Amino acid sequence: MLAGKRIVLGVTGGIAAYKCAELVREMVRARAEVTVVMTDNAKQFITPLTFQVLSGQPVFTDMFKQDFYDINHISLSEKADLMVIAPATANIIGKIAAGIADDLLTTTVLAMTSPVLICPAMNGRMYLNPVVQENINRLQQRGYLFVPPGYGELACGTEGEGRLADLGAILEGVKGALTPKDFTGERVLVTAGPTREPIDPVRFISNHSTGKMGYAIAQVAARRGGEVILISGPTHLNPPYGVKVVKVGTAREMRDAVMGYRNWATVVIKAAAVADYRPQTTADQKIKKTQKALTLKLERNPDILAEVAKDKGNKVVVGFAMETEELLARAQEKLKRKNLDLICANDLTEPGAGFAVDTNLICLIDKSGKAERLPLMGKEQVASIILDRVREILNARCGRL
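Just so you know, the sequence shown maps onto residues 1250 to 1650 in the working numbering.
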């Protein structure tokens, strides 16, 4: 989603300046056009040449040099889709809050009409200083965006809040700043991952779900302004940024968590691969290999999706159908039987679809029976299209165009 975007990166004189080399690399890898503006102090920590090589663009450090005036007709502030300041020191935050423009970076900020994303990085005591917090609050009230600093070891040798946010958080902040907030005001409940149904303290019944599709939906919904709660079975994925994650293990635990938030949600998207059955009993001790065969008696797990959709009111409910045969027929039957608004059908036998991959091959079916086949694409792209269709359903219900 960064392809073709023009991003100005302002680098200031903090020890974390060196980390911005990787930030530039990742944004360029995502096909953004990145132009770096550095303060004089930033040059003490990393050279302009490093950024020039990584960005493939000139690096600007002095507003009085000829090379700055040579590009005046394509002004940085006029052409940029976004400006990112990282690391943002207490000094630069104070200058911006006070409207000071005494170098190229601060001058560019004041001239910027596109969003400005600020990533603070400083000593923990400095960050918590009331003056710094007041400046941050003032800028937030004026519409400036922030990626909060992380907690950990600081350059001064102490631990605390103030270190530059990790690369993933900053990149998500960049994506969020460039994404329209069409889900503002919506409360989105997403389920993801597998469940584990214990046989004994060692063994369990589960499936191959990794949770990637549900996590992608949660992340994109939050990026689009939604308040998102993700109920997740066991996965190895990092939590999506800006999303509340509720961890569960079994299908019954997932059911209890979902029902606890059902009335809160305006949108429910059930992407979890919940076990249909569980052992009738769970052994207290590990079952020993004393017999040639072992018979397990199973019983049905609750149908979470059907229970949510039964009395859904005005909420939009979306389900998934993962099949190996008769995909469309079974998905349409599931949509009608469970009173869904939309179902996402994918054939697990197709290459690139299903579990443990970063792509998916989906067919979306709505209540009218209309089927929309999507080409093979990344799971975040699939998530965006699913949420587009959810937005259309929400708009139709409240009479919006």
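For glycine and all other residues, C-beta sits at the position ideal for the given N, C-alpha and C. Please read all numbers here as calculations on a predicted model, not as lab measurements.
Can you round the beta-carbon distance between LEU1643 and VAL1565 to whole angstroms, since I take them to be within the 8 angstroms contact cut? For the purposes of this step, residue 1643 is taken as the residue at position 394 of the sequence shown. For the purposes of this step, residue 1565 is taken as the residue at position 316 of the sequence shown. Their Cβ separation, rounded to whole angstroms, is 6 angstroms, which keeps LEU1643 and VAL1565 in contact under 8 angstroms.
Evaluate GLN1534 with the Cβ neighbour count: other Cβ atoms within 10 Å of its Cβ, from every protein chain shown; 16 or more gives buried, anything less gives exposed. For this step, residue 1534 is matched to residue 285 along the sequence shown. With fewer than 16 other Cβ atoms within 10 Å, it is exposed.
If I follow the unbroken alpha helix (DSSP H) through THR1355, where does it start and stop? For the purposes of this step, residue 1355 is taken as residue 106 along the sequence shown, with counting starting at 1. From DSSP, the alpha helix (DSSP H) with THR1355 extends over 1353–1360.
Hey, how far is the Cα of VAL1497 from the Cα of GLY1509? Locating residue 1497 in the sequence shown gives position 248, counting from the first residue. Locating residue 1509 in the sequence shown gives position 260, counting from the first residue. Distance between the alpha carbons of VAL1497 and GLY1509: 13 angstroms.
Looking at the structure shown, is PRO1398 part of a helix, part of a strand, or coil, going by DSSP? For the purposes of this step, residue 1398 is taken as residue 149 along the sequence shown, with counting starting at 1. Of the three classes helix, strand and coil, the one that applies to PRO1398 here is coil, per DSSP.
Beta-carbon spacing of LYS1424, ASP1330 below 8 angstroms: By 1-based counting over the sequence shown, the position of residue 1424 is 175. By 1-based counting over the sequence shown, the position of residue 1330 is 81. Taking 8 angstroms as the Cβ cut-off, LYS1424 and ASP1330 do not qualify as a contacting pair.
Leaving out five residues on either side along the sequence, give the residues of the same chain with a beta carbon under 6 angstroms from the beta carbon of GLN1315. For the purposes of this step, residue 1315 is taken as the residue at position 66 of the sequence shown. Residue placement at GLN1315 is poorly supported in this model, since its pLDDT is 49, which falls under 50; the coordinates still yield a value, given next. Excluding residues within five positions, none has a Cβ falling inside 6 angstroms.
Assign ALA1580 to buried or exposed, taking buried as 16 or more other Cβ atoms, counted over all protein chains shown, within 10 Å of its Cβ. Within the sequence shown, numbered from 1, the residue matching residue 1580 stands at position 331. When all chains shown are included, ALA1580 counts as buried.
At which residues does the alpha helix (DSSP H) containing TYR1464 begin and terminate? If you number the sequence shown from 1, residue 1464 lands on position 215. DSSP places TYR1464 inside the alpha helix (DSSP H), whose first and last residues are 1461–1472.
Verify whether the separation of the beta carbon atoms of THR1440 and VAL1507 is less than 8 angstroms. Start at 1 with the first residue of the sequence shown, and residue 1440 comes out as number 191. Start at 1 with the first residue of the sequence shown, and residue 1507 comes out as number 258. Yes. Within cutoff.
Which parts of the stretch 1271–1355 are runs of the alpha helix (DSSP H), unbroken and 4 residues or longer, counting only runs that do not cross its ends? 1297–1304, 1315–1319, 1325–1328 and 1339–1347
With ALA1570 as the anchor, note down where its beta strand (DSSP E) starts and where it stops. For the purposes of this step, residue 1570 is taken as the residue at position 321 of the sequence shown. Counting along the chain, the beta strand (DSSP E) containing ALA1570 begins and ends at 1565–1572.
Please say whether ALA1602 and ASN1609 have beta carbons closer to each other than 8 angstroms? Counting from one through the sequence shown, the residue named residue 1609 turns up at place 360. Counting from one through the sequence shown, the residue named residue 1602 turns up at place 353. Yes, Cβ-Cβ distance for ASN1609 and ALA1602 is below 8 angstroms.
Backbone secondary structure at PRO1483 - three-state DSSP: Your numbering for residue 1483 matches position 234 in the sequence shown. If DSSP states are grouped into helix, strand and coil, PRO1483 belongs with coil.
If distances are taken between C-alpha atoms only, which option among THR1484, PRO1483 and THR1357 comes closest to LYS1287? Walking along the sequence shown from the start, residue 1287 turns up at place 38. Inspection of the sequence shows that residue 1287 is occupied by Met rather than by Lys. Ranking the options by Cα distance to MET1287, first place goes to THR1357.
Who are the Cβ neighbours of GLN1306 in its own chain at under 6 angstroms, not counting the five residues just before and after it? Within the sequence shown, residue 1306 is the residue found at index 57, counting from 1. THR1284, listed in sequence order.
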